[in-house]
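J.: Numbering (the working numbering), first residue to last: 346 to 575.
In this text, a Cβ means the ideal position worked out from N, Cα and C, and glycines have one as well.
Mind having a look at this structure? Questions to follow.
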Amino acid sequence: MIEAIIFDVDGTLAETEELHRRAFNETFAAIGVDWFWDREDYRELLTTTGGKERIARFLRHQKGDPAPMPIPEIHKAKTDRFVALMAEGEIALRPGIADLVTEAKRAGLKLAIATTTSLPNVEALCRACFGKPASAIFDVIAAGDMVSHKKPSPEVYLLALKELGLEPDQAVAIEDSLNGLRAAKAAGLRCIVSPGFYTRHEEFAGADRLVGCFSEIGGLAGLEATAPVA
Ligand code: XBP
Ligand code: MG
């Protein structure tokens, strides 16, 4: 019996990565550096989860480790920009997510978030896409810097499970990326994956179910029928 659904945010609840990319690039321009991430760069950079970690990797690999940069401050400006862009209301939930959330709530399941992104971004997405504060939708939110190792480490999923007070076999994770799948599986969870714009090329060996769209899950009955892959 499933008692909770744990959702990833970026690429899962909504296709947010183009908005993140825009927020990064606009922040870089605003601080007067010549960094720019096109889609191809970003697809590769996304294999490093977390915005601060992504900037650090970019500086290390592409820029040959130049003078130290104030990455936390740059990233804070990027978060502020992302929150403002999200409030413009152009991002929508991915198909199937709203129905799954509604059905789960009606059935008394707990809902949680396990994400790499920063907490203000989760709040901004919930207000823009659900028209409600995050706490009105999700019982537990495990995000970004609440853990010391981001996905593919299982830490953020283990934190969500701890806060839910559940064992891994009592919940299902919903993901869009290989890093997310690895994190969920390493936490002992079943994981359903629907790839998104930036993860379509990835291979999801070990996924308990791979769907083209979250509407294909078949609601709670479909979730219950998702047997763990050995
Ligand atoms: C998403 C991410 C995030 C966002 C940016 O990974 O890696 O870093 O791209 O968010 P996942 P921040 O969906 O697997 O959790 O800049 O706030 O880190
Ligand atoms: Mg994701």
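Please work out which residues of its chain come closer than 7 Å, Cβ to Cβ, to A432, disregarding the five sequence neighbours upstream and downstream, and give them in chain order.
T.: Counting from one through the sequence shown, the residue named residue 432 turns up at place 87. The residues are A469, A473.
J.: Alpha carbons only, please: which of E348, E508, P499 is nearest the one belonging to T394?
T.: Taking the first residue of the sequence shown as position 1, residue 394 is located at position 49. Selected option, being the one with the closest Cα: P499.
J.: Can you have a look at S480 and say buried or exposed, based on whether 16 or more other CB atoms are within 10 angstroms of its CB?
T.: Start at 1 with the first residue of the sequence shown, and residue 480 comes out as number 135. Under this definition S480 is an exposed residue.
J.: Which residues bound the alpha helix (DSSP H) around K530?
T.: Against the sequence shown, residue 530 aligns to sequence position 185. That run of the alpha helix (DSSP H) goes 523-531.
J.: In chain order, what residues of the same chain have a beta carbon less than 7 Å from the beta carbon of F381, not counting five sequence neighbours either side?
T.: For the purposes of this step, residue 381 is identified with residue 36 of the sequence shown, where counting begins at 1. Within the same chain, F381 has close Cβ partners N370, F373.
J.: Indicate the three-state DSSP secondary structure (helix, strand or coil) for K332 in the structure shown.
T.: Residue 332 is absent from the model: the chain starts at 346 and stops at 575.
J.: Determine the DSSP secondary structure at R545, reduced to helix, strand or coil.
T.: Locating residue 545 in the sequence shown gives position 200, counting from the first residue. The three-state reading of DSSP puts R545 in coil, since its state is none of H, G, I, E or B.
J.: Output the residue ranges of the beta strand (DSSP E) runs that lie fully inside the region 431-498 and measure 3 residues or longer, sorted by chain position.
T.: Fully enclosed beta strand (DSSP E) runs of 3 or longer: 455-459, 485-487.
J.: Less than 7 Å between the CB of T392 and some heavy atom of the ligand XBP, yes or no?
T.: The residue given as residue 392 occupies position 47 in the sequence shown. Incorrect: T392 has no Cβ contact closer than 7 Å to the ligand XBP.
J.: Tell me whether S463, by its Cβ, gets closer than 7 Å to a heavy atom of the ligand MG.
T.: Residue 463 sits at position 118 when you count from the first residue of the sequence shown. Checking the Cβ of S463 against the ligand MG gives no.
J.: Would the beta-carbon of G551 be found less than 7 Å away from any heavy atom of the ligand XBP?
T.: One-based indexing of the sequence shown puts residue 551 at position 206. Flag unset: Cβ of G551 not near the ligand XBP.
J.: For L506, does the three-state DSSP call read helix, strand or coil?
T.: In the sequence shown, residue 506 corresponds to position 161, counting from 1. Of the three classes helix, strand and coil, the one that applies to L506 here is helix, per DSSP.
J.: At what residues does the alpha helix (DSSP H) containing A359 begin and finish?
T.: Within the sequence shown, numbered from 1, the residue matching residue 359 stands at position 14. Careful: A359 lies outside any alpha helix (DSSP H) and carries neither H nor E.
J.: Examine the ligand XBP and report whether any of its heavy atoms sits within less than 7 Å of the Cβ of K496.
T.: Here the question's residue 496 lines up with position 151 in the sequence shown. K496 Cβ: within cutoff of the ligand XBP.
J.: Taking C-alpha atoms, which residue in E362, H546, A443, G476 lies nearest to I350?
T.: Numbered from its first residue, the sequence shown carries residue 350 at position 5. Closest option to I350, Cα to Cα, is A443.
J.: With respect to 7 Å, is the separation between the Cβ of E520 and the closest non-hydrogen atom of the ligand MG below this value?
T.: For the purposes of this step, residue 520 is taken as residue 175 along the sequence shown, with counting starting at 1. If you check the C-beta of E520 against the ligand MG, you find a heavy atom less than 7 Å away.
J.: So who's on the other strand from L555, going by DSSP bridges?
T.: Within the sequence shown, numbered from 1, the residue matching residue 555 stands at position 210. In DSSP, L555 forms a bridge with V538.
J.: By Cβ distance, which residues of its chain are closer than 6 Å to A487, with the 5 residues on each side in sequence left out?
T.: In the sequence shown, the residue the question calls residue 487 occupies position 142. If we look at A487 and ignore the five residues flanking it on each side, its Cβ neighbours are A459, V501, L504, A505.
J.: If you run the structure through DSSP and keep just helix, strand and coil, what is A401?
T.: If you number the sequence shown from 1, residue 401 lands on position 56. Of the three classes helix, strand and coil, the one that applies to A401 here is helix, per DSSP.
J.: What's the gap between the Cα of R554 and the Cα of K421?
T.: By one-based count along the sequence shown, residue 554 stands at place 209. By one-based count along the sequence shown, residue 421 stands at place 76. As the crow flies, the alpha-carbon of R554 is around 36 Å from that of K421.
J.: Select from Q407, E448, I376, D386 the residue whose C-alpha is nearest the C-alpha of R426.
T.: On the sequence shown, position 81 is the one that residue 426 refers to. Nearest C-alpha to R426: I376.
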